[in-house]
Every structure is written in structure tokens, then in C-alpha cells.
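Input: a single structure, listed below in C-alpha cells.
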């Protein structure tokens, strides 16, 4: 199930950006929404912004932009030793309740390793991203519990049977059609221009869960 053609750099930029960080060239942002249109190298997305109504966001695609399709895999495919990323919220029992799970290709092991704030929900202030190695897998009443370890810590992720479990596959701009759901890690420059080197897009009705 591993996709050897994906590069470590591509996956690092997708998942390993903790919070919104400042960079010399601008601010790192995450854009989620549906494609309005693609006009040349300008992608217009009807973005979602928390509780606010969706608004159009113009994204300039870099000449070497990478388009990645979301590919669904099975929870049962995850095994001890796999490196995964998971957006989650803490439960009353202290365990993290996974909202989605990304299985990294072997060549991308270690990408963004750690436990840090995330904003998948855009409404939850206690949401986190955990990129870690699976140290054990146990059956739960519904789904599975993944024991994971990362540098400086460990955690348990409760993954329900309906939680999206995905990986990525290289694709092309044909996916960027009107109505397609996308997730775009991008750079917002001081002049307000948003530039993206990669876009994660819906394919075969499998949408980016992150």
C-alpha cells in the first residue's frame, strides 16, 4: 500500500506544519474548501473559515505544483511499526479520539514527528496532530486503539470504524474541477498573495480528511 513515488518533502509540507508559523517569505496557512474554478495557474477555492460563511480564496499554483489524490485504505492495514499522522481530540479517558489517520509511505518515516496543535475542525481549540510510530494495535469495542510513540512522548489513539484512513497518490490538475474538495498547505506572502506548491484533492469521492 506504500506509494514510493511520493517524496519526503511533499509529505512534510502536507502534514508537518504545526499551527500557523511565521516564515521570512510570509505566513504558512492551510486552505480547506471546494474548487470554484481553475483559470491557468490561479485556483479559486470556496474556503471554509470556522463559523464564518465560506469565502472565495485565490491561490496561485507554483509552476512545479504537485497534485496529490486522496486514496482510502483500511484501518486493518495499519500494523505495528507503521508511521502515521492523526488529527484527534482528547476524550474524558485521556486517550486521543482520532478524527482521521494518514499512513505515511516508508520513505517518509519521521515526517513532522511529534504532537502539536492542529486546526482540522477550525472550531476546536484542543485539537491536535500526532505524527508517530505505531508501537502496538489493540482491538476496541468499536474500531481499534493505536499505541504510538514519538520523540519525547507517547499516546493512545482510539480509531473508530468510521474514521477516515488514507494515504496519497500522485495525480494531475484534472482533479481540480469545480466542486472538488481540496486541502492546500500554502504560503501567504506579505502582499496577500497565496502561493501553493502542492494541492491535496478529492478523487473517486474520497475527500481530504485533514
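In the numbering used here, the protein residues as written are -5 to 204. Even for Gly, the Cβ is constructed at its ideal location relative to N, Cα and C.
About 5 Å separates the Cβ atoms of residue 108 and residue 144, confirming a contact at the 8 Å cut-off. Taking a contact to require three or more Cβ pairs closer than 8 Å, the region 52 to 62 and the region 157 to 177 qualify as touching. The alpha carbon of residue 189 has as its nearest neighbour, out of 51, 27, 78, the alpha carbon of 51. In the DSSP assignment, residue 101 falls outside any beta strand (DSSP E), carrying neither H nor E.
Note that the C-beta distance between residue 137 and residue 155 is below 8 Å. In the three-state DSSP reduction, residue 55 falls in the strand class (E or B). Note that the C-beta distance between residue 200 and residue 66 is below 8 Å. The three-state reading of DSSP puts residue 174 in coil, since its state is none of H, G, I, E or B. Contact between residue 82 and residue 122 holds, with the beta-carbon distance rounding to 6 Å and staying under 8 Å. If you ignore the 5 residues before and after residue 183, its C-beta comes within less than 8 Å of the C-beta of 19, 20, 189, all in its own chain and listed in chain order.
By DSSP's assignment, residue 68 forms no beta bridge with any residue.
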